Amino acid sequence: MAAPHSDQAVLTVDLGAIVANWRALGVQHGAPVAGVVKADAYGLGAAAVGRALGEAGCVHFFVAHLSEGLALRRAVGTGPMIAVLDGFLPGEDEGAALVPVLNSLGDVEAHATAARTAGRERPAILHIDTGMARLGLDAKDLAALAADHGRLTGIALRHVMTHLACADEPAHPMNEAQAARFAAACARLPKAPRSLANSSGLFLGPRFASELGRPGCALYGINPTPAAPNPMRQAVRLDVPVLQVRNIAAGESVGYGASWTAARPSRIATVALGYADGYLRSLSGRGYCAFGGTQLPLLGRVSMDLVTLDATDCPALRPGDRVTAIGGAGLTPDDLGARAGTIGYEILTGLGARYAREYIRG
Ligand SMILES: *Cc1c(COP(=O)(O)O)cnc(C)c1O
Numbered sequence: 025m026a027a028p029h030s031d032q033a034v035l036t037v038d039l040g041a042i043v044a045n046w047r048a049l050g051v052q053h054g055a056p057v058a059g060v061v062k063a064d065a066y067g068l069g070a071a072a073v074g075r076a077l078g079e080a081g082c083v084h085f086f087v088a089h090l091s092e093g094l095a096l097r098r099a100v101g102t103g104p105m106i107a108v109l110d111g112f113l114p115g116e117d118e119g120a121a122l123v124p125v126l127n128s129l130g131d132v133e134a135h136a137t138a139a140r141t142a143g144r145e146r147p148a149i150l151h152i153d154t155g156m157a158r159l160g161l162d163a164k165d166l167a168a169l170a171a172d173h174g175r176l177t178g179i180a181l182r183h184v185m186t187h188l189a190c191a192d193e194p195a196h197p198m199n200e201a202q203a204a205r206f207a208a209a210c211a212r213l214p215k216a217p218r219s220l221a222n223s224s225g226l227f228l229g230p231r232f233a234s235e236l237g238r239p240g241c242a243l244y245g246i247n248p249t250p251a252a253p254n255p256m257r258q259a260v261r262l263d264v265p266v267l268q269v270r271n272i273a274a275g276e277s278v279g280y281g282a283s284w285t286a287a288r289p290s291r292i293a294t295v296a297l298g299y300a301d302g303y304l305r306s307l308s309g310r311g312y313c314a315f316g317g318t319q320l321p322l323l324g325r326v327s328m329d330l331v332t333l334d335a336t337d338c339p340a341l342r343p344g345d346r347v348t349a350i351g352g353a354g355l356t357p358d359d360l361g362a363r364a365g366t367i368g369y370e371i372l373t374g375l376g377a378r379y380a381r382e383y384i385r386g
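Taken in order, the sequence shown gives residues 25 to 386; the numbers are from our numbering.
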């Protein structure tokens, strides 16, 4: 990596942790698991993550958009399966041999017709909706297909999949209901490998096992078992430079809206991080950055490019030092999500474009 600019935060992505998480999730599943690398591998970089997982033996990837699949194909080479959750029109993958997820009877019709016209089978994944009601064949589409398997002629069915709505709540009745609906749907379709669980689903027990798990968030260190300690390794760290340190008197205020007023003479550290970098404005007044073992509380508003910290009790902090905004106990993406009123997924996928990115094998 080129040296970061003096005002540039450094995002460190631990590819070793991601690969270790992928292996651990395969063991947890007792069956193969894919790498879900949509949204630029949840903000961490799909090309680097895809290459690392590919080298570790991952041969199934899922992306959301066609454009992500085309870019990933260039990164991982011709070997692995790359499935596109949104699907795409026949031929739209420009010869990149991507696998469309078929989300409706119309999708099935289009790809089957294209295959029969070309006289060559086309691989695809069939998505059955069992309760999410976003994408996938509904009950009517399923019934039509179950009544006439000939509609699939021309399609090489790689997997039949569904997606769980409540897997992070193990006691939620939706989980059992969806597993039962999925089993019933598969029994009415031509035999094909199944793909069921996302990260949290891999921890729900044997009824949620399938031939291919689809973990995303847990690869990147998000806790797939929110009610229990996090079994995954942390994969990201964000270190942000201090631009200035200033002293203010008791009674003076800091930042937009003058929302924070010093109760005592204070040292304010201004760091190069803001909501334009995905450091959410809703973190204003909540949480802290870390320097060595010291917590530097956020004060005032998070602005577009700057955050102000209370460094009164950290006399050692100097301009040019780097404080940790994400990473370590109390500062995981899950922790920041909880403080910001959102989830760790949104913290990761919002990670900014202005960071210097360093990939390590920790
Ligand atoms: C995003 C996604 C996943 C991965 O979910 P995680 O909760 O991040 O593990 C799996 N399957 C589908 C269909 C998805 O959209």
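Where a beta carbon is used, it is the ideal one built from N, C-alpha and C, also for glycine.
Quick caveat: nothing in here was measured; it's all calculated off a predicted structure.
### Message
For A138 and P114, what's the separation of their Cα atoms in angstroms?
### Response
Within the sequence shown, residue 138 is the residue found at index 114, counting from 1. Within the sequence shown, residue 114 is the residue found at index 90, counting from 1. Each residue's Cα considered, the two are about 7 Å apart.
### Query
Starting from S290 and walking both ways along the beta strand (DSSP E), at which residues does that stretch end?
Taking the first residue of the sequence shown as position 1, residue 290 is located at position 266. Where S290 is concerned, the enclosing beta strand (DSSP E) stretches over S290 to V295.
#### Entry: Near ligand 1: V326 beta-carbon under 7 Å from a heavy atom
Position 302 of the sequence shown, counting from 1, holds the residue named residue 326. No, since every heavy atom of ligand 1 falls outside the 7 Å radius drawn around the Cβ of V326.
### Message
Whole angstroms are fine: how far does the CA of R175 sit from the CA of H29?
### Response
Working through the sequence shown from its first residue, we reach residue 29 at position 5. Working through the sequence shown from its first residue, we reach residue 175 at position 151. Looking at the two C-alpha atoms, the distance is approximately 58 Å.
### Task
In the DSSP assignment, find the unbroken alpha helix (DSSP H) run with P357 in it and report its ends.
Sequence index remark: in the sequence shown, residue 357 carries index 333 (1-based). Unbroken alpha helix (DSSP H) run through P357: P357 to A364.
### Task
Could you tell me which residues DSSP pairs with Q268 in its beta bridges?
The count along the sequence shown starts at 1 and reaches residue 268 at position 244. T294, per the DSSP bridge assignment.
### Message
Using the three-state DSSP reduction, which class does G225 fall into: helix, strand or coil?
### Response
Here residue 225 refers to the residue found at position 201 of the sequence shown. The answer is helix: DSSP assigns G225 an H, G or I state.
#### Entry: Lining residues of ligand 3 - beta-carbon closer than 5 Å to any non-hydrogen atom, in sequence order
What this structure holds is ligand 1, not ligand 3.
### Task
State the start and end residues of the unbroken alpha helix (DSSP H) segment that holds I371.
Along the sequence shown, read from residue 1 onward, the residue named residue 371 stands at position 347. Taken as a continuous stretch (DSSP letters only), the alpha helix (DSSP H) holding I371 covers G368 to T373.
### Query
Do the CB positions of V264 and V295 come within less than 8 Å of each other?
Looking up residue 264 in the sequence shown gives position 240. Looking up residue 295 in the sequence shown gives position 271. Taking 8 Å as the Cβ cut-off, V264 and V295 qualify as a contacting pair.
### Query
How about P230 and L49: do their beta carbons lie closer than 8 Å?
Against the sequence shown, residue 230 aligns to sequence position 206. Against the sequence shown, residue 49 aligns to sequence position 25. No.
### Task
Report the rounded CA-to-CA distance for R381 versus P253, giving the unit in angstroms.
Here residue 381 refers to the residue found at position 357 when the sequence shown is read from its first residue. Here residue 253 refers to the residue found at position 229 when the sequence shown is read from its first residue. Their Cα atoms are separated by approximately 28 Å.
### Query
Based on the DSSP secondary-structure assignment, which residues constitute the bridge partners of H151?
Here residue 151 refers to the residue found at position 127 when the sequence shown is read from its first residue. Note: H151 sits in a beta bridge opposite M185.
### Status (buried if at least 16 other CB within 10 Å, exposed otherwise) for E200
Counted from its first residue, the sequence shown places residue 200 at position 176. Counting Cβ neighbours within 10 Å, E200 comes out exposed, since fewer than 16 surround it.
### Task
Compare the Cα-Cα distances from Y312 to each of G111, L333 and G237 and report the closest residue.
The sequence position of residue 312 within the sequence shown is 288, counting from 1. If we check each option's Cα against that of Y312, L333 comes out closest.
### Query
Roughly how many angstroms lie between the CA atoms of D31 and Y303, to the nearest whole one?
Residue 31 sits at position 7 when you count from the first residue of the sequence shown. Residue 303 sits at position 279 when you count from the first residue of the sequence shown. Each residue's alpha carbon lies about 16 Å from the other.
### Cβ contact check for the stretch 83-90 and the stretch 275-294: 3 or more pairs under 8 Å
no
### Message
Let's test the definition: count the other Cβ atoms within 10 Å of the Cβ of V108 and tell me whether it reaches 16, buried, or not, exposed.
### Response
On the sequence shown, residue 108 is found 84 positions in, with the first residue counted as 1. Result: buried.
### Task
Only counting runs of 3 or more residues, tell me where the beta strand (DSSP E) segments fall wholly within the stretch 303-330, in order along the chain.
312-315 and 318-323
### Message
Once the 5 residues before and after R386 are set aside, which same chain residues still bring their CB inside 7 Å of it?
### Response
Within the sequence shown, residue 386 is the residue found at index 362, counting from 1. Checking the displayed sequence, the identity of residue 386 turns out to be Gly instead of Arg. Excluding positions up to five away in sequence, the list reads D38, G40 and A41.
### Query
So, I272 versus T36, is the Cβ gap smaller than 8 Å?
Position 248 of the sequence shown, counted from the start, is the residue given in the question as residue 272. Position 12 of the sequence shown, counted from the start, is the residue given in the question as residue 36. It is not a contact, given that the beta carbons lie outside the stated cut-off.
### Query
Between A88 and D110, is the Cβ-Cβ spacing less than 8 Å?
In the sequence shown, counting from the first residue as 1, residue 88 sits at position 64. In the sequence shown, counting from the first residue as 1, residue 110 sits at position 86. Against a cut-off of 8 Å, the Cβ pair of D110 and A88 comes out as a contact.
### Query
From V266, G281 and A170, pick the residue whose C-alpha is nearest to that of K215; which is it?
To locate residue 215, count along the sequence shown from 1; it is residue 191. Answer by Cα proximity: A170.
### Query
Counting Cβ pairs closer than 8 Å, one from the stretch 153-164 and one from the stretch 181-190, do we hit at least three?
yes
### Task
Excluding the 5 residues preceding and the 5 following Q319 in the sequence, name in chain order all residues of the same chain whose CB lies nearer than 6 Å to its CB.
Within the sequence shown, the letter at position 295 stands for residue 319. Excluding residues within five positions, the ones whose Cβ falls inside 6 Å are Y312.
### Task
Would you mind listing the alpha helix (DSSP H) stretches within the stretch 106-168 that are 4+ residues and don't spill past its ends, in chain order?
129-142
### Query
Which word fits S91, buried or exposed, when buried means at least 16 other C-beta atoms lie within 10 angstroms of its C-beta?
The count along the sequence shown starts at 1 and reaches residue 91 at position 67. S91 should be labelled exposed.
### Query
Beta carbon of P358, beta carbon of N247: below 8 Å?
Taking the first residue of the sequence shown as position 1, residue 358 is located at position 334. Taking the first residue of the sequence shown as position 1, residue 247 is located at position 223. Sequence inspection shows Asp at residue 358; the Pro mentioned does not correspond to that position. Against a cut-off of 8 Å, the Cβ pair of N247 and D358 comes out as a contact.
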